[in-house]
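Only one structure is covered here, and it is reproduced in the block below.
There are 2 protein chains.
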Amino acid sequence: MPDPIASTPRPPYVAVVFTSVRTPGDHGYAAMSVAMDQLAAQQPGFLGVESVREPVGRGPGIVGITVSYWATREDAAAWKQVAAHLVAQRRGREAWYADYRVRVAVVERDYGPGEDHDR
Amino acid sequence: MPDPIASTPRPPYVAVVFTSVRTPGDHGYAAMSVAMDQLAAQQPGFLGVESVREPVGRGPGIVGITVSYWATREDAAAWKQVAAHLVAQRRGREAWYADYRVRVAVVERDYGPGEDHDR
């Protein structure tokens with residue numbers, strides 16, 4: 018399986034943070050999700066993706082955070098168009114998500130273990 | 018319980034994306050995590066936090082993404098100092114994390130359902 022932590026280059030690069038609350042049930046979500054991941058990896062400027070999901074409290078929903086990394090703002094924007102088309106072709110977003118928020122951000126600094134100073 | 022999606026103001030603001038792989042076992046992590054969340058919420062410039070965790074594949078580790086939001090770069094940097102002190106006082110980071118990456122980013126655009134145009 019892939020490393021859950023993406024291997025990104027030195028900043029700057031672009032992060033798209035997608036935080037969502039899923040509705041109960043699959044509704045074709047799993048198949049769409051696999052297709053989206055495969056398609057994203059083929060897009061120009063794709064640098065990597067990190068994705069984590071867990072149940073919301075004791076309820077039936079699922080909260081997820083997916084962060085995709087892109088070389089430029091333009092690459093991220095192009096992927097938004099491709100992804101929107103794919104979703105539209107399959108099912109309405111409303112079948113999957115009770116709520117979501119997308120945040121497009123420019124990564125200025127990053128560090129890991131033993132790298133408390135900026136790269 | 019709090020909304021899993023943070024209510025952030027209009028951009029720009031700062032996102033700190035912390036992606037981690039935890040070692041098996043608690044080692045005092047749960048207590049530290051609660052204390053950190055409470056302390057973060059009291060810091061100047063704190064806007065909100067989103068956090069999701071799940072098991073890594075079939076292994077014993079846990080992958081997590083926590084995104085904290087801050088009014089300014091300086092607020093995020095100040096929290097880093099406070100958090101580092103707290104961790105140092107309790108246990109070495111090495112007891113909890115097999116690997117991690119911190120990315121400090123400036124959110125330029127965001128949108129949710131029915132807001133496909135930028136705010």
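If you read the sequences in order, they're chains A and B.
Heads up, the first sequence is in my numbering, so the first residue is 18 and it goes up one at a time.
Heads up, the second sequence is in my numbering, so the first residue is 18 and it goes up one at a time.
We treat Cβ as the ideally placed atom computed from N, Cα and C, and that holds for glycine.
Residue 71 of chain A is bridged by DSSP to A/80. Beta-bridge partners assigned by DSSP to residue 65 of chain A: A/86. If you draw a 10 Å sphere on the C-beta of residue 21 of chain A, you find 16 or more other C-beta atoms in it, and that means buried. A check of alpha carbon separations from residue 129 of chain A across B/54, B/74, B/114 identifies B/114 as the nearest.
At a cut-off of 8 Å, the C-beta of residue 62 of chain A has no neighbouring C-beta in chain B. Within the DSSP secondary-structure output, residue 32 of chain A pairs in a beta bridge with A/86, A/122. Distances from the CA of residue 25 of chain B to each of A/119, A/131, A/79 were compared; the closest alpha carbon is that of A/119. Counted as a single uninterrupted DSSP element, the alpha helix (DSSP H) harbouring residue 50 of chain A occupies residues 46-58. Put simply, the CB of residue 130 of chain B is near chain A, with a gap under 8 Å to one of its CB atoms. Within the segment 65-93 of chain B, those residues whose Cβ lies closer than 7 Å to any Cβ of chain A are, in chain order, 67, 69, 70, 71, 73, 74, 80, 81, 82, 84.
Rounded to the nearest whole angstrom, the C-alpha separation of residue 72 of chain B and residue 72 of chain A is 12 Å. The beta-carbon of residue 34 of chain A is placed less than 8 Å from the nearest beta-carbon of chain B. Within the segment 112-128 of chain B, the residues whose Cβ lies closer than 8 Å to some Cβ of chain A are 114, 116, 117, 118, 119, 120, 121, 122, 123, 124, 125, 126, 127, 128, listed in chain order. Pairing residue 84 of chain B with residue 34 of chain A gives a Cβ-Cβ distance under 8 Å. Here residue 82 of chain A has 36, 69 as same chain residues with Cβ atoms under 6 Å from its own Cβ, once five neighbours each way along the sequence are excluded.
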